[in-house]
Structures are given as structure tokens and as C-alpha cells.
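Undergrad: Just so you know, we're using this note's numbering here: the sequence shown kicks off at 542 and counts up by one.
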Amino acid sequence: MEPVTLLTDRLVLRTVGAQDTEAVHAACQDPDIRRWTTIPSPYLLEHARGFTEQLVPDGWANDSMFTFGLFLPAGDLVGMLGVTMVSLGVGEIGFWGAKEHRGRGHVTEAAVAVARWAFTERAIDRLEWRAEVGNRASRAVAERAGFTMEGTLRSALNNKGVRRDCWIASLLPSDLSLPSTSPYLPAPT
């Protein structure tokens with residue numbers, strides 16, 4: 542599909558391209574982004590170029606990954622958010638915030654906007670969020686966006702060659718008062 546642009550109260554969510562390579566590269570020099578995400582470390586300009594000029598456009602083109610740069614209206618990159626399709630009707634959301642823009646709710650705002658888009662425009666009925674156990678900042682964003690924590694998966698992430706436990710949470714259309722594309726029958730409690 543062709544990339545889309547979403548607007549929130551404070552942000553422009555759009556695909557990234559060659560014009561954003563240097564901003565992505567600069568943001569990914571942050572030790573916290575390198576620690577908690579699976580980006581290469583050290584993160585070289587060639588990695589940013591491959592991301593902005595190949596990985597992101599390819600994901601949109603083959604409907605496998607929908608990546609949005611989070612930008613202030615003035616053009617500053619405040620973060621990155623993507624939804625990767627993992628199975629029919631199920632996507633996994635991942636995100637990071639640029640160090641100088643953290644703590645302002647931008648990533649949470651973007652996560653809710655992209656979730657609404659995914660549920661209404663992409664027929665996704667379940668968004669999953671995963672993060673390595675200990676990544677409290679990412680967990681706080683997921684919880685503020687309405688995700689329900691479901692537990693801990695043992696050895697479920699591979700970060701730079703090391704297996705790690707991760708938290709998992711989900712967001713359903715009904716959590717945002719939206720209809721599902723498929724019927725859902727919750728287990729009896």
C-alpha cells in the first residue's frame with residue numbers, strides 16, 4: 542500500500558525517507574535506544590540509510606510493516622513507531638522516542654493514533670506490544686495507550702545475540718470503543 546500520513550493534536554506521523562536519514566542516525570546514537578531495541582550497535586549512517594531508504598518503503602509496499610516517523614509540525618523527529626504484521630489480523634507495535642523529546646507523551650499519542658488507524662483501515666483485530674523485561678519506559682507508554690499486560694514470555698526476544706525474557710501486552714479494537722472485523726469470544730472467567 543501507499544504510505545499514509547496521520548495527524549494528531551501535536552504530531553505529524555508520516556513515513557520516513559532519505560531526507561530523514563541523518564535525523565534517524567542522530568537519534569539512534571542514544572545509548573537507551575541501542576540498549577532496549579534490536580537496532581545494530583554501533584548504529585552507523587549506513588544502517589539509518591538502509592532503514593529509511595529500503596526497509597521502511599519495502600514494508601509499506603508489501604504490507605508487512607507500517608512505519609511512521611513522529612514529527613513535530615516544525616519538522617523535528619521525536620520518535621519512530623511501526624506496526625509489523627505477524628499473522629492474519631495481528632500486528633506487533635514497536636516504538637522509540639528521541640531522547641530530547643521524551644516525557645512529553647508524544648509516543649503515547651502516536652501509539653493511540655496508529656492503533657486506531659490499524660483497527661479501522663488495516664483490519665487488524667489485535668495489536669501486540671513486546672519489550673524486554675526491565676524496559677519500564679516502553680511499558681509505561683503501552684499502559685498509557687491502553688494495552689493490557691498479559692504476562693512475561695521466557696527467552697522470547699533475541700537482542701544482539703542474547704535471548705531475553707519479555708513482557709507482552711495487547712490492545713483490541715474494543716479497548717478503544719471500535720468494532721472488530723472478526724467476532725471475538727473471550728474465555729469464561
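Virtual Cβ for every residue (Gly too), placed ideally from N, Cα, C.
Residue range of the alpha helix (DSSP H) that residue 599 falls in?
TA: Note, residue 599: alpha helix (DSSP H), 597-602.
Undergrad: Between which two residues does the alpha helix (DSSP H) holding residue 684 run?
TA: Segment 677-685, the alpha helix (DSSP H) holding residue 684.
Undergrad: Under the rule that 16 or more other beta-carbon atoms within 10 Å means buried, what is residue 703, buried or exposed?
TA: The residue is exposed, with fewer than 16 neighbouring Cβ atoms inside 10 Å.
Undergrad: Pull up the distance between the alpha-carbon of residue 722 and that of residue 592, whole angstroms please.
TA: Each residue's alpha carbon lies about 31 Å from the other.
Undergrad: Given 8 Å as the limit, is there contact between the segment 607-621 and the segment 668-676, that is, 3 or more CB pairs closer than that?
TA: Too few Cβ pairs lie closer than 8 Å, so no.
Undergrad: Residue 725: buried (16+ other C-beta within 10 angstroms of its C-beta) or exposed?
TA: Burial call: exposed.
Undergrad: What distance in whole Å lies between the Cβ atoms of residue 553 and residue 636, which are believed to be in contact at a cut-off of 8 Å?
TA: No, residue 636 and residue 553 are not in contact; Cβ-Cβ is about 16 Å, not under 8 Å.
Undergrad: Decide if residue 706 is buried, meaning its Cβ has at least 16 other Cβ atoms within 10 Å, or exposed.
TA: The residue is exposed, with fewer than 16 neighbouring Cβ atoms inside 10 Å.
Undergrad: So the candidates are 564, 684 and 579; which of them puts its Cα closest to the Cα of residue 617?
TA: For the residues 564, 684 and 579, the minimum Cα distance to residue 617 belongs to 564.
Undergrad: Using 8 Å as the cut-off, can you tell me whether the segment 677-696 makes contact with the segment 706-718, which would need three or more C-beta pairs spanning the two stretches below that distance?
TA: Yes, the segment 677-696 is in contact with the segment 706-718.
Undergrad: Pop quiz: residue 562 and residue 597 are said to be a contact at Cβ under 8 Å. What is the actual Cβ separation, rounded to whole angstroms?
TA: Incorrect: roughly 11 Å between the Cβ atoms, too far for contact.
Undergrad: The alpha helix (DSSP H) spanning residue 562 covers which residue range?
TA: Here the alpha helix (DSSP H) through residue 562 covers 562-568.
Undergrad: What are the uninterrupted segments assigned as beta strand (DSSP E) that are 3 or more residues long and contained completely in the segment 649-678, given in chain order?
TA: Those beta strand (DSSP E) runs which fall completely within the segment 649-678 and span 3+ residues are 667-673.
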